[in-house]
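Okay, so the sequence shown: first residue is 148 according to this note's numbering, each after it adds one. Beta carbons: idealized from backbone N, C-alpha and C, even for Gly. Bear in mind that the values here come from a model prediction, so they are computed numbers and not experimental data. Report on the structure given below.
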Amino acid sequence: MSVQHEIDKARQFGEQLEDLVVRRGQCPYDDRNILLLGYWALLFDYHNSILGLLSNGLCGGAFALVRPVVEALVRSHLVLMGSDEHVRKIREDEYRVNFEKIGSQIDRAFGLDGFFTNFLDNARTALHSYTHSGTSQLARRFDGHDLKPHYKDDEIIEVVHCSSTAVFMVTNLVTKRLKFDAEAKRAGELFTEWGKH
């Protein structure tokens, strides 16, 4: 499959997921749900930005946005499982994600059997490097000795998959939290269908 095919499938998948929640037109008024829905909406903005940048060959910007995607994903889980103090810190913009600790906390709270711990342990260094103009970005400014961007197709597809999985995971949190049972079921079906491609 081509990179553009993966981008097109991810765009369609994201639109379908987003529509599940938007159609409901409800926004609860407590801090945790408002924060969760805010992160959900922000993730779709990041997702669409990543796909648009990749479609236009602007891989550096797309890769740099993966860390904010992951941070929004982490914070989405934290607003549901965290203490009132965590929610206060997020609301007042005082919370800082500790990638070394938060994965195991999310895994325990949501029964994810090491998913977040493994993902964050394996991705932490690259996320930092891509977002903060480190050597991961600089190395991809060259194709051999030529000064031109060089991102491998499998790396680009991994970014598409990471972003798409994040929007699914937060849509899953939102639909279950708000008891949108039919939408939660459909989100799972869409994820399975998308994953087959």
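Check	Outcome
Limits of the unbroken alpha helix (DSSP H) element including Asn195	178-202
Buried or exposed (CB count within 10 angstroms, at least 16 for buried), Cys174	exposed
Gly185 versus Glu165, Ala286, Ser230, Leu285, residue with shortest Cα-Cα distance	Glu165
Environment of Thr272 [buried if 16+ CB atoms lie within 10 Å]	exposed
Secondary structure, beta strand (DSSP E): runs of 3+ residues fully inside the segment 227-251	none
In chain order, each alpha helix (DSSP H) run of at least 4 residues that lies wholly inside the segment 291-335	300-324
Per-residue DSSP class, three states only, for Cys174	coil
Option nearest Glu330 by Cα separation, candidates Arg170, Ala157, Thr278, Met148	Arg170
Simplified DSSP state of His279, which is helix, strand or coil	coil
Own chain, CB closer than 6 Å to His194, minus 5 neighbours either side, in chain order	Gly161, Ser310, Val314
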